[in-house]
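Engineer:
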Amino acid sequence: MRTPEEHLNAIRTRIPQLPHQRLPLHQAMNQVLAYDVHASTDSPRFDNSQMDGFALPRTALNQESTWPVGPIIPAGTDPHTLYPEGLKDCVAPIMTGAKVPAGTAAIVPVEHCHPPQFDAPDIRIPATAANQFIRFQGSDCRQGDILAPAGTVISPVMVGALASQDITEVEVVRRPRLLLCTAGEEIHPVGVEPHDMRGDVSASLPDANGPLLAALAQRFGMEVAGRIHSGDQPEECDQALATALSTTTVDAIITSGGISHGKYEVFKQVFGQCPSAWFGHVAQQPGGPQGLAEYHGIPVISLPGNPISTLVSFRLFVAPALSPQHCPPPQWARLITSSPEITGIVGKEQFRRAHLHHSKAGTEVEILSGPGSHLLISAAHADSLVRIPAGATLHGGDQVRIYPL
Numbered sequence: 264m265r266t267p268e269e270h271l272n273a274i275r276t277r278i279p280q281l282p283h284q285r286l287p288l289h290q291a292m293n294q295v296l297a298y299d300v301h302a303s304t305d306s307p308r309f310d311n312s313q314m315d316g317f318a319l320p321r322t323a324l325n326q327e328s329t330w331p332v333g334p335i336i337p338a339g340t341d342p343h344t345l346y347p348e349g350l351k352d353c354v355a356p357i358m359t360g361a362k363v364p365a366g367t368a369a370i371v372p373v374e375h376c377h378p379p380q381f382d383a384p385d386i387r388i389p390a391t392a393a394n395q396f397i398r399f400q401g402s403d404c405r406q407g408d409i410l411a412p413a414g415t416v417i418s419p420v421m422v423g424a425l426a427s428q429d430i431t432e433v434e435v436v437r438r439p440r441l442l443l444c445t446a447g448e449e450i451h452p453v454g455v456e457p458h459d460m461r462g463d464v465s466a467s468l469p470d471a472n473g474p475l476l477a478a479l480a481q482r483f484g485m486e487v488a489g490r491i492h493s494g495d496q497p498e499e500c501d502q503a504l505a506t507a508l509s510t511t512t513v514d515a516i517i518t519s520g521g522i523s524h525g526k527y528e529v530f531k532q533v534f535g536q537c538p539s540a541w542f543g544h545v546a547q548q549p550g551g552p553q554g555l556a557e558y559h560g561i562p563v564i565s566l567p568g569n570p571i572s573t574l575v576s577f578r579l580f581v582a583p584a585l586s587p588q589h590c591p592p593p594q595w596a597r598l599i600t601s602s603p604e605i606t607g608i609v610g611k612e613q614f615r616r617a618h619l620h621h622s623k624a625g626t627e628v629e630i631l632s633g634p635g636s637h638l639l640i641s642a643a644h645a646d647s648l649v650r651i652p653a654g655a656t657l658h659g660g661d662q663v664r665i666y667p668l
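Numbering (this note's numbering), first residue to last: 264 to 668.
#1: Helix, strand or coil for K611 per DSSP?
#2: Could you name each continuous beta strand (DSSP E) segment of 3 residues or more that falls completely within the segment 268-325, going from the start of the chain to the end?
#3: Quick check: what's the CA-CA separation for Q502 versus A546?
#4: Mind checking whether L296 and A584 have CB atoms under 8 Å apart?
#5: In angstroms with no decimal places, state the Cα-to-Cα distance between V406 and S306.
#6: Using a Cβ-Cβ cutoff of less than 6 Å, which residues in the same chain neighbour P412 once the five nearest sequence positions on both sides are dropped?
#7: Helix, strand or coil for R578? Go by DSSP, reduced to three states.
#8: For a quick check, are the C-beta atoms of V628 and V663 less than 8 Å apart?
#9: Who pairs with S622 in a beta bridge, going by DSSP?
#10: Closer than 8 Å is the cut-off here; do at least three beta carbon pairs connect the segment 393-408 with the segment 302-319?
#11: What's the call for N311, buried or exposed, on a 16-neighbour Cβ count within 10 Å?
#12: Within 10 Å of its beta-carbon, does I409 have 16 or more other beta-carbons around it, so buried, or fewer, so exposed?
#13: Would the beta-carbon of P668 fall within 8 Å of that of R578?
#14: Applying the criterion that 16 or more other CB atoms from any shown protein chain within 10 Å of the CB defines a buried residue, is W330 buried or exposed?
#15: One question on the structure: do F396 and P356 come within less than 8 Å of each other, judged by their Cβ atoms?
#16: Would you kindly work out how many angstroms separate the C-alpha atoms of A505 and V529, rounded to a whole number?
#17: What does the Cβ neighbour count give for M292, buried or exposed, with the cut at 16 atoms within 10 Å?
#18: Shortest alpha-carbon distance to V455 belongs to which of T445, C444, S467 and S303?
#19: Using beta carbons (cut-off 8 Å, strictly below), is I630 in contact with chain D?
#20: To the nearest whole angstrom, what separates the beta carbons of L638 and I571, a pair I think is in contact under 8 Å?
#21: Anyone know if the C-beta pair for G484 and S586 falls short of 8 Å?
#22: Between P567 and G607, which are expected to be in contact by the criterion C-beta below 8 Å, what is the C-beta distance as a whole number of angstroms?
#23: Keeping to the same chain, check which residues put their C-beta closer than 6 Å to that of C404; ignore five residues upstream and five downstream.
#24: Considering only residues of the same chain and omitting the five flanking positions on each side of P652, which have a CB-CB separation below 7 Å?
#25: How big is the Cα-Cα spacing for M358 and P337?
#26: Out of T344, T431 and C353, which has the shortest C-alpha to C-alpha gap to K362?
#27: Apart from the five residues just before and just after H492, which ones in its own chain have a Cβ nearer than 6 Å to its Cβ?
#28: Between which two residues does the beta strand (DSSP E) holding G543 run?
#29: Considering only the beta carbon of each residue, do V575 and F614 sit closer than 8 Å?
#30: Excluding sequence positions up to five away, which residues of its chain have a Cβ less than 7 Å from the Cβ of E432?
#31: Would you mind reading off the limits of the beta strand (DSSP E) that contains P538?
#32: Do T367 and A323 have their C-beta atoms closer together than 8 Å?
#33: Alpha helix (DSSP H) containing T506: first to last residue?
#34: Looking only at C-alpha atoms, which of R438, P469 and L442 sits nearest to P452?
#35: Are P320 and Y346 close, meaning C-beta to C-beta below 8 Å?
#36: Need the endpoints of the alpha helix (DSSP H) that G473 sits in, please.
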């Protein structure tokens, strides 16, 4: 029986390196940078004003005084055309973001002056310290600095930072493309009239795992390239796989259900023919049955079919193996519980659905509902998994390892 870490490592050895692609910056949100991105220029590119106000010459500093007002400097104007000899015998009205003229020693906001307006011939300025409200060239970054290292997940702020450097395209690691597979004669598509090939309509169930897998793929930065649902016959499953793969290219096949010890374990029957296939148990609850194989050279990661087992297994194995940059590493939190104690399972790591609370005292985590692998509705408000070590006894206040969902 494998440990969760051993199974994750086994999966990682099967996953090929993903190719790179160039994307327009406006399409790069949440993508992973393939290479370091360097600044092409200083930022700011020139000394500029932080305020709507007046640029002061050095002789105007540190004393209250009255000065004549020169030509106004709008943002986007070269101040040299207005002050070719620099700032000397006047103060210059200047707008936020405008390049300061040579000789500027500080900026004073217009509202601190008298009168507080730009069209007066003379203004009285307060005592002002040197360098006040000047954004100096290169104070944010210097040309050649690394703006973002390889492996960075591009955030909205990063999009803005790259755009400020006139970067229009970026090289990213292509998102993992998945074929999602579910099975079972008793499962019908959501919103479709139930039917059961064995003849008992009352025993039919809507497909929760297909949408769950698709949502998890999106959550963890992967692309769903295709979805299939098979009945319980291997021939039907093989045909559905062949049809799906004839029209798309995928990096991995993810299956849910059909790998345990029943009569109709269709994925185990189909993928178990692979010489390198492994179908066995991981020492955890939920999600003990697991599988790993190949199908025409494509890695196959087989997850158990109970909804919570699918959720836990995807979070523990699929997300960190295929999309590690989008999968937050385990963290620690203080356990809060109304129970006197929580006891782990002998010989198995247990993963319980939980909700995080953030306060001045730090991060706390509260376990939701019971441990059953079918309790999908009860788990809908979970934002993390709590790991309970095998055989451990935990109490309120203990530090526990959590896996953000």
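Note that beta-carbon positions come from the ideal geometry of N, C-alpha and C, so glycine has one too.
Structural biologist: Reading from the atomic positions:
#1: On the sequence shown, position 348 is the one that residue 611 refers to. K611: strand per DSSP, three-state reduction.
#2: 283-287 and 316-320
#3: By 1-based counting over the sequence shown, the position of residue 502 is 239. By 1-based counting over the sequence shown, the position of residue 546 is 283. Straight-line Cα distance between these residues: approximately 33 Å.
#4: Mapped onto the sequence shown, residue 296 falls at position 33. Mapped onto the sequence shown, residue 584 falls at position 321. No, these two residues do not count as a Cβ contact at 8 Å.
#5: Translated into the one-based positions of the sequence shown, residue 406 becomes position 143. Translated into the one-based positions of the sequence shown, residue 306 becomes position 43. Checking the displayed sequence, the identity of residue 406 turns out to be Gln instead of Val. Cα to Cα, Q406 sits roughly 8 Å from S306.
#6: The residue labelled residue 412 in the question sits at position 149 within the sequence shown. Only D299 meet the Cβ criterion.
#7: Here the question's residue 578 lines up with position 315 in the sequence shown. Of the three classes helix, strand and coil, the one that applies to R578 here is helix, per DSSP.
#8: For this step, residue 628 is matched to residue 365 along the sequence shown. For this step, residue 663 is matched to residue 400 along the sequence shown. In contact: V628 and V663 (Cβ atoms closer than 8 Å).
#9: Residue mapping note: residue 622 aligns to position 359 of the sequence shown, counting from 1. Paired residue(s): G625.
#10: yes
#11: The residue you call residue 311 lines up with position 48 of the sequence shown. Under this definition N311 is a buried residue.
#12: The residue given as residue 409 occupies position 146 in the sequence shown. Per the 10 Å Cβ criterion, exposed.
#13: Numbered from its first residue, the sequence shown carries residue 668 at position 405. Numbered from its first residue, the sequence shown carries residue 578 at position 315. Here the sequence assigns Leu to residue 668, which means Pro is not the residue at that position. In this structure, R578 lies closer than 8 Å to L668 by Cβ.
#14: The residue given as residue 330 occupies position 67 in the sequence shown. Counting Cβ neighbours within 10 Å, W330 comes out buried, since at least 16 surround it.
#15: Taking the first residue of the sequence shown as 1, we reach residue 396 at position 133. Taking the first residue of the sequence shown as 1, we reach residue 356 at position 93. Not in contact: F396 and P356 (Cβ atoms no closer than 8 Å).
#16: Reading the sequence shown from its first residue, position 242 is the one you call residue 505. Reading the sequence shown from its first residue, position 266 is the one you call residue 529. Whole-angstrom Cα-Cα distance: 15 Å.
#17: Counting from one through the sequence shown, the residue named residue 292 turns up at place 29. Classification of M292: exposed, given that the 10 Å Cβ count is below 16.
#18: As a working mapping, residue 455 is identified with position 192 in the sequence shown. If we check each option's Cα against that of V455, S467 comes out closest.
#19: Absent from the structure: chain D. Only one protein chain is present.
#20: Position 375 of the sequence shown holds residue 638. Position 308 of the sequence shown holds residue 571. L638 to I571, Cβ: 6 Å. Contact.
#21: Translated into positions along the sequence shown, residue 484 becomes position 221. Translated into positions along the sequence shown, residue 586 becomes position 323. Yes, these two residues count as a Cβ contact at 8 Å.
#22: Reading the sequence shown from its first residue, position 304 is the one you call residue 567. Reading the sequence shown from its first residue, position 344 is the one you call residue 607. Their Cβ separation, rounded to whole angstroms, is 20 Å, which puts P567 and G607 out of contact at 8 Å.
#23: One-based indexing of the sequence shown puts residue 404 at position 141. Excluding sequence neighbours, C404 sits near A302 and S306.
#24: On the sequence shown, residue 652 is found 389 positions in, with the first residue counted as 1. Contacts found: G607 and E612.
#25: Here the question's residue 358 lines up with position 95 in the sequence shown. Here the question's residue 337 lines up with position 74 in the sequence shown. One C-alpha to the other measures close to 5 Å.
#26: Along the sequence shown, one-based indexing puts residue 362 at 99. That would be T344, whose Cα lies nearest to the Cα of K362.
#27: For the purposes of this step, residue 492 is taken as residue 229 along the sequence shown, with counting starting at 1. Counting only Cβ-Cβ distances below 6 Å, and skipping sequence neighbours, we find T445.
#28: Here the question's residue 543 lines up with position 280 in the sequence shown. Its beta strand (DSSP E) spans residues W541 to H544.
#29: Stepping through the sequence shown from its first residue, residue 575 is reached at position 312. Stepping through the sequence shown from its first residue, residue 614 is reached at position 351. The answer is yes: Cβ separation under 8 Å.
#30: What you label residue 432 is simply residue 169 of the sequence shown in a count that begins at 1. For E432, where only same-chain residues beyond five positions count, the Cβ hits under 7 Å are R285, L286, P287 and L288.
#31: Counting from one through the sequence shown, the residue named residue 538 turns up at place 275. Where P538 is concerned, there is no enclosing beta strand (DSSP E), given that its DSSP letter is neither H nor E.
#32: Looking up residue 367 in the sequence shown gives position 104. Looking up residue 323 in the sequence shown gives position 60. Their beta carbons are not under 8 Å apart, which means T367 does not touch A323 by this criterion.
#33: In the sequence shown, the residue the question calls residue 506 occupies position 243. Where T506 is concerned, the enclosing alpha helix (DSSP H) stretches over P497 to L508.
#34: One-based indexing of the sequence shown puts residue 452 at position 189. Nearest of R438, P469 and L442 to P452, Cα basis: P469.
#35: Taking the sequence shown and counting its residues from 1, one reaches residue 320 at position 57. Taking the sequence shown and counting its residues from 1, one reaches residue 346 at position 83. Cβ atoms of P320 and Y346: not closer than 8 Å.
#36: Sequence index remark: in the sequence shown, residue 473 carries index 210 (1-based). Element bounds for G473: N472 to R482.
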